Each structure stands twice: as C-alpha cells, then as structure tokens.
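Protein sequence lines correspond, in order, to chains D and Z. Under our numbering, the very last position in the first sequence is 274; numbers go up by exactly one each time. Under our numbering, the very last position in the second sequence is 1377; numbers go up by exactly one each time. Backbone N, C-alpha and C define an ideal beta-carbon position, used for all residues, glycine too. Quick caveat, the model's predicted, so the values are computed rather than measured.
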Amino acid sequence: MRAATALIAEDEPLLAQALQQALAQVWPTLNIVATVGDGAAAVRAALELQPEVLFFDIRMPGMSGLQAAIELAELWPEPASQARKFPALVFVTAYDQYALEAFEAQAVDYLLKPVQTPRLEKTVAKLQSALAAPAGNGGDFDATLAQLRGLLERNALSAPAPQRDTSPLKVLQVSVGNAIHMVQLTEVVYLEAADKYVRVLTAEREYLIRTPLKELLPRLDPDQFWQIHRGTVVQATQIAKVLRDESGKMHLSLRSRAEKLAISRLYAHLFKSL
Amino acid sequence: MSIDWLDKLRALLQTLAFCLAFASIQYAVVPDQRYDVDLTYSLCIGICTWALIDFGRHMPTFSTPTSAWPTGVAGVLFPLVGVILGAAMGVMAADHWFGWSSWSRFTISQLPLVIAITSVPGAVATYYFFSRGKAHDLEKQIKEAARQATEARLRLLEAQLEPHMLFNTLANLRTLIALEPSRAQAMLDHLIAYLRATLSASRATSHSLEQEFERVRDYLELMAVRMGPRLQFTLELPEALRPARVPPLLLQPLVENSIQHGLEPKVEGGSIHVSARLNGQRLCLQVRDNGLGLDPQRSPEPGHGFGLSQVRERLSTLHGDSAAVTCETPATGGTLVSLSFPCDVPESGPKPHPGREPSLHTDSEPSSRAQRGDPCI
C-alpha cells in the first residue's frame, strides 16, 4: 500500500520535532513530506506537494493555521480535475480555547500540545479510516468548509472588542469633503474591504469609510447582506445571477452595477443549486 | 426562582409542628372540644394555607426573579388572601373528613372568634415563614457574591498566567527532557522563576535592577526555546548599575509586548535588546526590537497596550514630571521603548575597571538619537 503523505505546519521547532517523533512511533509508514513554520509557507507547500494529511498549528506568525486552511480550501484545485481530494485536516493547539464543540464533526480533528501518544493514536486511527474510504462526491469537502466557517466565526466572536456594537445599521454616515452623506443601507449594492478602508458601493457612487468590515458585519442583517468573500459583502437583492467558470470558480453579476464579484469557496454554500 | 423541594419539605414539617402546637394550645384553652377535632382542623387549615402561599408565590404573576416573595402591595395582600382562602379550604376539608358542616353551625357571634383564631396564627406563621425566606435569600445572595468574587480572582490569575504561554512552554519542555536533559533542567529553572514572579501575591515596592533583568532573562530564555532561531536577544546591564533600586515590573511588560506584538508574529522573527545606562543622575532603560513595529490602527487589547500605560502611570506616580516614557519607531524599523527617571545608584564594593564592564553590545547611533530628542540624553 502506498504510504500516506503529510505536511506539518508548526512555528516552534521543538514542537514540530516532537510531533514528527510521535507520528513516527504511531504511524511509521506516514511520509512527512514537509515541515514549515508559518501559514503562508504551509499554503504554498500544500498546493505544491498535495499531501493527504495536514497538521496545522493554530497560532503561527503571519497567517494563522485557521486562515491558512481557509486559504488552502480556496485555492485547492477542483475535484473535477485530476488533483487529489482535499487533505484531512488536524489542528494542533496548546490551549483549548477553541471549545470541543467546534471540533465535534468528523471533518476536522484537533490535537492538544504537548502531543501525547494515546490521543495521537485515536487521531491517526480516524485519519487512516478517512483515507481508506473511497473518494466522496465532495460532501467531505463541504463538511470541512462548513466547519472552517464555524471556526472563523467563533474566532471573530472571541476576539476582544472594546465595545461591540451590534445594533442594526440603517444608515451609513460617510464624510465626503465638507459634507456627510447619509447613505441608506438599502441603497448599498456591496461593500468591499480595501486596505484600511471599506468601499461602499451604491448603484451610482462609491464611498469610502474607515470602519473595518469586521466591525460592520455584526450590524448587518445576515439575511439581506451576504458575505461572499473574506472582504466582500453583497446585498442579496442586488444579485442578478451567479456563474461558474471552467475552473470551478464562482462569480456573481449585479443588477445595478457592472462589476462581477468573486465568490470564495468558503461561502459558496449560499448558492446551493450550483 | 426555582423551587427548592428540600426547603419546602422543611417548611411543611415546620407547618405541621406549628399546627400541632396550636391545636394543643387550643385544646388546653378550650378543653370541651375534642382534641382530634382541634388537631384536624388545625392541620387542614395550616396545610392548605401554607401550600397556597408557599407554592402560589412561585407563580409567574407573583414571583420576581430576585426575591422569593412578591413585592410591594402584593406582598401584603398575597398572604392575607392566602390565609383567608387557606382557612376556608381547610375548614371544608376538615368538615368533609368528619362528615359535618361547620357552616351550618356557624353564627355571626362566632365571627370575631373565628377571625381571631384564623388571623392570629395566620399572621404569626406568615411572619415566621417570611423572615425565614428572607434570611434564606440573603444567604443565597452572599454565597453568590462570594462565588463571583472567587471567579473574578481566578480569571485575573488566568490572565496573568497566560495559559497559551504556559502550555506551549511546557510542551517544549517535555520535548527537551528526552532530547537534551540538561537544557531541559535549565529551562525548567527559568519557568519556575518566571511563574514565581508572575504569581507572587506581595509585590515589593522596589527591587534591584539586577533582579529586574533576571526576570526579563527568564522570560526571554523561555521564549528563545519556543521560537528557536526566530529569537535573538541581548541584555546589557553595566556592573555598577546592578544594585540600583527600581520599581518592579518595569521592563518585563515592555519585553512581553515586544515579543508578542513585534517579534512572534513576524515570520522570520528578529532580535530584542534590553539595556540600562546611567546619564548623570538619570537611569535610562531601553527595550529595542526589529519586529513588526507599532501599528497605529491596532487598538490596545486589555493586558497588552495597558502594559506600557501602566508603566507610564507608575513612573509618573513615583517621579512626576521627571519621569519620561517614550515609544517610537527607529529609522531601521521595529520598536524602541525608552524609560528615563532619576535614580540613586547605591555604591556597592570597589568600582569596576573600565575594561571589565560586561557590556555585550555597543551603541551604534548616539548622534541620531540626540537629534530625535532621546529622553536618555
């Protein structure tokens, strides 16, 4: 049987070594194709080497393990092509602030540092059975995406915020020169994060506001405003149609504006029939 | 308010005892009535009244979330109505038991007696149970307050300990034990010193600069094991300055900030340099790193940005305007935090020879600092 391959992403060198040694004990046939120290490197290495298992430390410099997993899910080649299915993902964390419920589903498992053999054995058993199972119709991938979304939301909620304003937003106050424009939220077609600003686009105009998107999101009605991408939120009624191109990427076209907006895989679940 | 069944059972038993006592008194005063009649009526009325009041007050229309007893006007009317209804029900029940009807024998002249017999024990019993309930409530409130205080202390401790730091450090330690036992021991020593410093309840008002540097060293050694090649550090403390008295925890929060915000999140890591210098009568402490630098957009999270402001506050409390704390971005990037305040350096032993001063690092840009208004000059 061909040996399974794995990628380890862990920024603390001793802990990476410890994980390698523990895996060598519990899963001797596992071939660890690469060990990297940060999220961006993990994404690059995973796309290049296409391992079957990923061990991602959650806290890493630059991009976190969670962000790396989401980025990788976005960039992973479509199952329709010859590429392998999305790897099995195991998050490694030193402190259990991500409560166990977040990891209840089968799709993403987690390990606590320091990695101990009995717990690792359980995880390895799960991984081995997941790898041995015949390739699904993408249901596993959807489950993984759903869980990553959940973790992302949980992450956003647990981040300390001095005053979390969750009152519903009706009007955006945008200063333009000497005037303040009161933009009705119903007129907003979409919002897009750009550097330190957020672009607010109505049918005719574009405005810039300084409030970060993650502060605006809790104040928007999730039924009316859909997040389709890490930095893009669209008013659902402004969506004309959704298209999928040959490489599997989805875009939507708008009623009142000419642009096409990219829909990231993480949020593709909103457009079900495709 | 949820129902405490054990409490209710106790109340029932007390009610029964009360009824028994009342019946006995009644019999003693008016012995021509059969004792068992007295007792039955007493029990029936007592139990009905108690049940109506003690259970009725839990109904949503009467109870409040905080008090087990309806408040205000309702608080007075409720037991009153309860007593009357309870008495009526009790009489009916006892009548049924004996098979006769009290109403048929009832005459208006008996009314004052009936009222007295009903209301006096009713009032006594109500007052007794009311104050009992109140005492119970107060006890619960006290317990709740104590519990909350303990929880707050635990949370503070947890924040101080930084579980993420602790568990990551222990995980590294575990690996080292197998790989390099002697290095593992050294690391454990640093961890013990670091924890002791973090958890020590009584903070002295001052300690020597040497001790402060030792604390900083403990932390940096631990982080160096964790970050591996991504962290380089140097500590510069001239021999003569070792005994200088300084307030505790001046440098440690700055170093922690530097690592947590500047170096650890930087993919390639970097280096941190902590130094102490004497400028005339002023002591100058600096923490410099080549990390990510200051992000003006980032709002200070509790425990982090506050490190610097706490240091500022403490120094200004002790030295007023003559203390200076600055935080800036050097030309080469990263972050430079400088503390400067008057300090008496005690003489300790013979002055060291100039050649023997263990300076590990030479300053490379004194002139540019002077131009920027460096508080240390």
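#### Entry: Cβ shell of residue 1352 of chain Z (< 6 Å), same chain only, five flanking positions each side left out
Any answer about residue 1352 of chain Z is weak, because its pLDDT of 49 lies below 50 and its placement is not dependable; what the coordinates show is given next. Within the same chain, 1239 come within 6 Å of residue 1352 of chain Z by CB-CB distance, once the 5 residues on both sides are set aside.
### Limits of the alpha helix (DSSP H) - the one that residue 13 of chain D falls within
Boundaries of the alpha helix (DSSP H) around residue 13 of chain D: 13-26.
### Query
Out of curiosity, what's the CA-to-CA distance linking residue 197 of chain D and residue 223 of chain D?
A direct Cα-to-Cα measurement between residue 197 of chain D and residue 223 of chain D gives close to 24 Å.
### Query
At least one CB of chain D closer than 8 Å to the CB of residue 1175 of chain Z: is that the case?
With 8 Å as the cut-off, residue 1175 of chain Z counts as an interface residue toward chain D.
### residue 77 of chain D versus residue 249 of chain D - alpha carbon distance
Those two C-alpha atoms are separated by around 10 Å.
#### Entry: Cα-Cα separation between residue 1026 of chain Z and residue 1009 of chain Z, rounded to whole angstroms
Take the alpha-carbon of residue 1026 of chain Z and the one of residue 1009 of chain Z: they are about 25 Å apart.
### Query
Any idea if residue 1266 of chain Z is buried or exposed, counting beta-carbon neighbours within 10 angstroms, 16 or more meaning buried?
Looking at its Cβ environment, which holds 16 or more other Cβ atoms inside 10 Å, residue 1266 of chain Z is buried.
### CB contact below 8 Å: residue 20 of chain D versus chain Z
Not a single CB atom of chain Z sits nearer than 8 Å to the CB of residue 20 of chain D.
### Task
Might you give, ordered along the chain, the residues of its own chain that have their beta carbon closer than 6 Å to the beta carbon of residue 46 of chain D, omitting 5 neighbours on each side?
So the qualifying residues of the chain are 7 and 72.
### Task
For residue 1153 of chain Z, count neighbouring Cβ atoms within 10 angstroms of its own Cβ and tell me buried if that reaches 16, exposed if not.
Answer is exposed; the Cβ neighbour count stays below 16.
### Query
Roughly how many whole angstroms lie between the Cα atoms of residue 1315 of chain Z and residue 1235 of chain Z?
Going by the C-alpha atoms only, they are around 22 Å apart.
### Task
Report the residue from Z:1339, Z:1222, Z:1341 and Z:1336 whose alpha carbon sits nearest the alpha carbon of residue 1193 of chain Z.
Among Z:1339, Z:1222, Z:1341 and Z:1336, the Cα nearest to that of residue 1193 of chain Z belongs to Z:1222.
### Query
If we cut at 8 Å on Cβ distances, does residue 1021 of chain Z have a partner in chain D?
It does not; no Cβ of chain D falls within 8 Å.
#### Entry: Nearest residue (CA-CA) to residue 1115 of chain Z, options Z:1254, Z:1058, Z:1088 and Z:1190
Minimum Cα-Cα distance from residue 1115 of chain Z among the listed residues Z:1254, Z:1058, Z:1088 and Z:1190 corresponds to Z:1088.
### Message
Just verifying my parser: in three-state terms, what is the DSSP assignment at residue 1287 of chain Z?
### Response
Residue state, collapsed to three classes: strand.
### Query
Are the segment 1070-1087 of chain Z and the segment 1120-1132 of chain Z in contact at 8 Å, needing three or more beta carbon pairs?
Result yes; three or more Cβ-Cβ pairs closer than 8 Å.
### Task
Determine the chain Z residues that contact residue 113 of chain D at a beta-carbon separation under 8 Å, and present them in chain order.
Result: 1167, 1168 and 1171.
### Task
In the DSSP assignment, find the unbroken alpha helix (DSSP H) run with residue 1018 of chain Z in it and report its ends.
Here the alpha helix (DSSP H) through residue 1018 of chain Z covers 1005-1029.
### Query
Hey, is residue 1267 of chain Z's beta-carbon within less than 8 Å of any beta-carbon in chain D?
Interface residue, yes.
### Message
Please confirm whether residue 62 of chain D has its beta-carbon closer than 8 Å to some beta-carbon of chain Z.
### Response
Taking a beta-carbon distance threshold of 8 Å, residue 62 of chain D counts as an interface residue toward chain Z.
### Task
Look up residue 86 of chain D in the DSSP assignment and say whether it is helix, strand or coil.
Collapsing the DSSP output to three states places residue 86 of chain D in coil.
### Task
In angstroms with no decimal places, state the Cα-to-Cα distance between residue 1057 of chain Z and residue 1016 of chain Z.
Approximately 20 Å between the Cα atoms of the pair.
### Message
Does the CB of residue 1226 of chain Z have a neighbour CB from chain D at under 8 Å?
### Response
So yes, residue 1226 of chain Z belongs to the interface.
### Interfacial residues, the segment 3-34 of chain D to chain Z, with Cβ spacing under 7 Å
Within the segment 3-34 of chain D, the qualifying residues are 12, 13, 14, 15, 17 and 18.
#### Entry: Per-residue contacts from residue 94 of chain D into chain Z (C-beta, under 7 Å)
Contact annotation for residue 94 of chain D against chain Z: 1164, 1167, 1168 and 1171 [CB-CB distance below 7 Å, chain order].
### Task
Label residue 1281 of chain Z either buried or exposed according to how many other C-beta atoms from any shown protein chain fall within 10 Å of its C-beta, with 16 as the threshold for buried.
Result: exposed.
### Message
For the segment 1237-1264 of chain Z, list every residue whose C-beta sits within 8 Å of some C-beta in chain D, in sequence order.
### Response
Of all residues in the segment 1237-1264 of chain Z, only 1264 come within less than 8 Å of chain D when Cβ atoms are compared, listed by chain position.
### Message
Within 8 Å of any Cβ in chain Z, is that where the Cβ of residue 165 of chain D sits?
### Response
Put simply, the CB of residue 165 of chain D is far from chain Z, with every gap to its CB atoms at 8 Å or more.
### Task
For residue 1145 of chain Z, name the three-state secondary structure that DSSP assigns.
Helix.
### Message
When you compare the CB positions of residue 199 of chain D and residue 208 of chain D, do they come within less than 8 Å of one another, or not?
### Response
Closer than 8 Å, so yes.
### Message
One question on the structure: do residue 220 of chain D and residue 233 of chain D come within less than 8 Å of each other, judged by their Cβ atoms?
### Response
In this structure, residue 233 of chain D lies closer than 8 Å to residue 220 of chain D by Cβ.
### Query
Are there 16 or more other CB atoms within 10 angstroms of the CB of residue 117 of chain D, so buried, or fewer, so exposed?
Exposed, because fewer than 16 other Cβ atoms sit within 10 Å of the Cβ of residue 117 of chain D.
### Query
Just the Cα atoms here: how many angstroms apart are residue 1039 of chain Z and residue 1024 of chain Z?
Rounded to whole angstroms, residue 1039 of chain Z and residue 1024 of chain Z show a C-alpha spacing of 8 Å.
### Query
Since residue 1195 of chain Z is in the alpha helix (DSSP H), which residue starts that stretch and which ends it?
Taken as a continuous stretch (DSSP letters only), the alpha helix (DSSP H) holding residue 1195 of chain Z covers 1181-1199.
### Message
With a threshold of 8 Å, are at least 3 pairs of Cβ atoms found where one atom belongs to the segment 7-20 of chain D and the other to the segment 1163-1183 of chain Z?
### Response
Flag = yes, the segment 7-20 of chain D and the segment 1163-1183 of chain Z touch.
### Task
Along the beta strand (DSSP E) that carries residue 1046 of chain Z, what are the first and last residues, could you check?
For residue 1046 of chain Z, there is no enclosing beta strand (DSSP E); the enclosing alpha helix (DSSP H) covers residues 1035-1056.
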